[in-house]
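Chemist:
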Amino acid sequence: MTAVAGGAPRSLAAIFAHAQSGDVAKLSAALDDLGSELGDDFGPGALPAALDTLGSDGQGALHLAAASDQPAAVQALLAAGASMTARNGSGNNLAGIAASRGCMDVLRWLADLVSAGGDDNNLAATVVTATNKWNETPTMLAVAAGELPALRLLLTLAPVAATLTTTRDAWNRSAIDIARDQGVPAVVQVIDAHLGSTSGSVPEAGFAATTQDAVAGAIGSGTIKLRKVEGGPSVRSMFAEESRGARVVTTAKSRGPPYTRVLSKLIEAPGDFAVVEELLAAGDVDPAGLDMFGLPALHKVAAWSKPGLVQLVASVLSDDELVATAGDSGFTALHMAVEMGAVGGATAVLAVAEARKVRARLVATRDGAGRTAGELACELATMPCEVTDELAT
Numbered sequence: 001m002t003a004v005a006g007g008a009p010r011s012l013a014a015i016f017a018h019a020q021s022g023d024v025a026k027l028s029a030a031l032d033d034l035g036s037e038l039g040d041d042f043g044p045g046a047l048p049a050a051l052d053t054l055g056s057d058g059q060g061a062l063h064l065a066a067a068s069d070q071p072a073a074v075q076a077l078l079a080a081g082a083s084m085t086a087r088n089g090s091g092n093n094l095a096g097i098a099a100s101r102g103c104m105d106v107l108r109w110l111a112d113l114v115s116a117g118g119d120d121n122n123l124a125a126t127v128v129t130a131t132n133k134w135n136e137t138p139t140m141l142a143v144a145a146g147e148l149p150a151l152r153l154l155l156t157l158a159p160v161a162a163t164l165t166t167t168r169d170a171w172n173r174s175a176i177d178i179a180r181d182q183g184v185p186a187v188v189q190v191i192d193a194h195l196g197s198t199s200g201s202v203p204e205a206g207f208a209a210t211t212q213d214a215v216a217g218a219i220g221s222g223t224i225k226l227r228k229v230e231g232g233p234s235v236r237s238m239f240a241e242e243s244r245g246a247r248v249v250t251t252a253k254s255r256g257p258p259y260t261r262v263l264s265k266l267i268e269a270p271g272d273f274a275v276v277e278e279l280l281a282a283g284d285v286d287p288a289g290l291d292m293f294g295l296p297a298l299h300k301v302a303a304w305s306k307p308g309l310v311q312l313v314a315s316v317l318s319d320d321e322l323v324a325t326a327g328d329s330g331f332t333a334l335h336m337a338v339e340m341g342a343v344g345g346a347t348a349v350l351a352v353a354e355a356r357k358v359r360a361r362l363v364a365t366r367d368g369a370g371r372t373a374g375e376l377a378c379e380l381a382t383m384p385c386e387v388t389d390e391l392a393t
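With the UniProt record's numbering, the residue at position 319 of the sequence shown is 319, and numbering never jumps.
1) Within the chosen definition, does the stretch 286-294 reach the stretch 252-267 through at least 3 CB pairs nearer than 8 Å?
2) Any idea what DSSP makes of V262, helix, strand or coil?
3) Quick one: Cα of T166 to Cα of T139, how far?
4) Since A326 sits in a beta bridge, which residues does DSSP pair it with?
5) By a C-beta neighbour count over all protein chains shown, 10 Å radius and 16 as the cutoff for buried, is P258 buried or exposed?
6) Can you confirm whether the stretch 87-95 touches the stretch 310-324 when touching is taken to mean that 3 or more C-beta pairs between the two stretches lie within less than 8 Å?
7) Based on the DSSP secondary-structure assignment, which residues constitute the bridge partners of D320?
8) Please classify A86 as buried or exposed, where buried requires at least 16 other C-beta atoms within 10 Å of its C-beta.
9) With a 10 Å radius around its C-beta and 16 neighbouring C-beta atoms as the bar for buried, classify N122 as buried or exposed.
10) What is the rounded straight-line gap between the Cα of V343 and the Cα of A337?
11) Taking D52 and G60 to be in contact with their CB atoms under 8 Å, please state how far apart those CB atoms are, rounded to whole angstroms.
12) Please go through the same chain and pick out, in chain order, the residues whose beta-carbon is closer than 7 Å to the beta-carbon of L12, but skip the five residues on each side of it.
13) Taking the beta carbon of A116 as the centre, do at least 16 other beta carbons fall within 10 Å, making it buried, or is it exposed?
14) Exposed or buried, E379, counting other C-beta atoms within 10 Å across all chains shown (16 or more means buried)?
15) Identify every residue that forms a DSSP beta bridge with V128.
16) Under DSSP, the alpha helix (DSSP H) around F293 begins and ends at which residues?
17) Report all residues from its chain with a CB closer than 8 Å to the CB of residue 395; omit the five preceding and five following residues, and keep chain order.
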């Protein structure tokens, strides 16, 4: 559950919970409580400002309602003064969140506003065409997540469709560029057909001039700077190779049918255990699939230093998927954690590998530059090389 800061109004936690659950009656009561709690001393605008507060995971009440596909809760929050244009920690508003998660009820409600005309039309159109911190539109997010129904709906909105298909992200990619990069023919065909019916031509991929090296650090909430960790377990003991025999390197890849969605495309930093658990239980989400940067979910949660998420994701992976390399760098999940200085992520990956009896294989795997995870750690100094040997036992 999303946590709120200690100095936030007490009733805000209840608003977050009921916005996410979609219980409008309880949400309305919590909104009344918030109004009473703030009182007249806070002056005009205090309630709307409080409603736009972001929780510890970078999500506000409106974002939680959108992510849970609760349009009635969204409307209740807006009626109380929440801003329709409010952004979460990644710069996504409710349209971007709904598009990336395939929340069709919220998207249909927004689409109706866009089509209705008047002031609501203008505001909703602004929301639907807004970009996040990487200049990604809701259409791009739907493409990246493989959410075809959401993509089709957005492309039917004549007032905004042109903007949604021509806008380019921070890496000079349009929506169809991303679709091509993802390699999902059905998504490419949907955008291709739309562009062909409206302009008679399909723009060439703008991504050709940009390598994935330029975006490799943009994982989840963005680039995490390397940091040197003082103290803690020894890298030499953590990555000690039980044997140095030849190893078979496995490259990460998506599983394909019957999976229609990819876990790595649906999660963002800092990672929510309940959300990931729910996605894995859905039955149609591929836990091993790759995101637009060629990374599976295990690599991302290891880099975020989330031991619980590492264990959860790893529990549904095969041994080959657990030790697989991915991305342009050819990193394993262990390499990924090392590069980000994520001691918790690294130790969790090692623990799982030990339990699965593939630790020797994992620590012996070399990245695209020929380095083991231990060698990478010593090279980057993101983890201590000369400390204790606690993990060796």
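Built from N, CA and C at the ideal position, the CB exists for glycine as well. Note that the structure is a prediction, hence the values are computed from the model and not measured.
Modeler: In terms of the structure at hand:
1) By the Cβ rule, the stretch 286-294 counts as touching the stretch 252-267, because three or more pairs are nearer than 8 Å.
2) Three-state DSSP puts V262 in a strand.
3) Cα to Cα, T166 sits roughly 10 Å from T139.
4) Note: A326 sits in a beta bridge opposite F331.
5) Taking a 10 Å sphere around the C-beta of P258, we find fewer than 16 other C-beta atoms and assign the residue as exposed.
6) With the cut-off at 8 Å, the stretch 310-324 and the stretch 87-95 do not touch.
7) D320 pairs with nothing; no bridge assigned.
8) A residue is called buried once 16 or more other Cβ atoms fall within 10 Å of its Cβ, and A86 is buried on that count.
9) Counting C-beta atoms within 10 angstroms of its own C-beta, N122 has fewer than 16 neighbours from the protein chains shown and is therefore classed as exposed.
10) About 7 Å.
11) Confirmed, about 6 Å.
12) If we look at L12 and ignore the five residues flanking it on each side, its Cβ neighbours are V4, L34, A50, T53.
13) The Cβ neighbour count for A116, taken over all protein chains shown within 10 Å, is under 16; the residue is labelled exposed.
14) Exposed.
15) V128 is not bridged to any residue.
16) Per DSSP, F293 belongs to no alpha helix (DSSP H) and is neither H nor E.
17) Nothing about residue 395 can be reported from this structure: the residues present for the chain run from 1 to 393 only.
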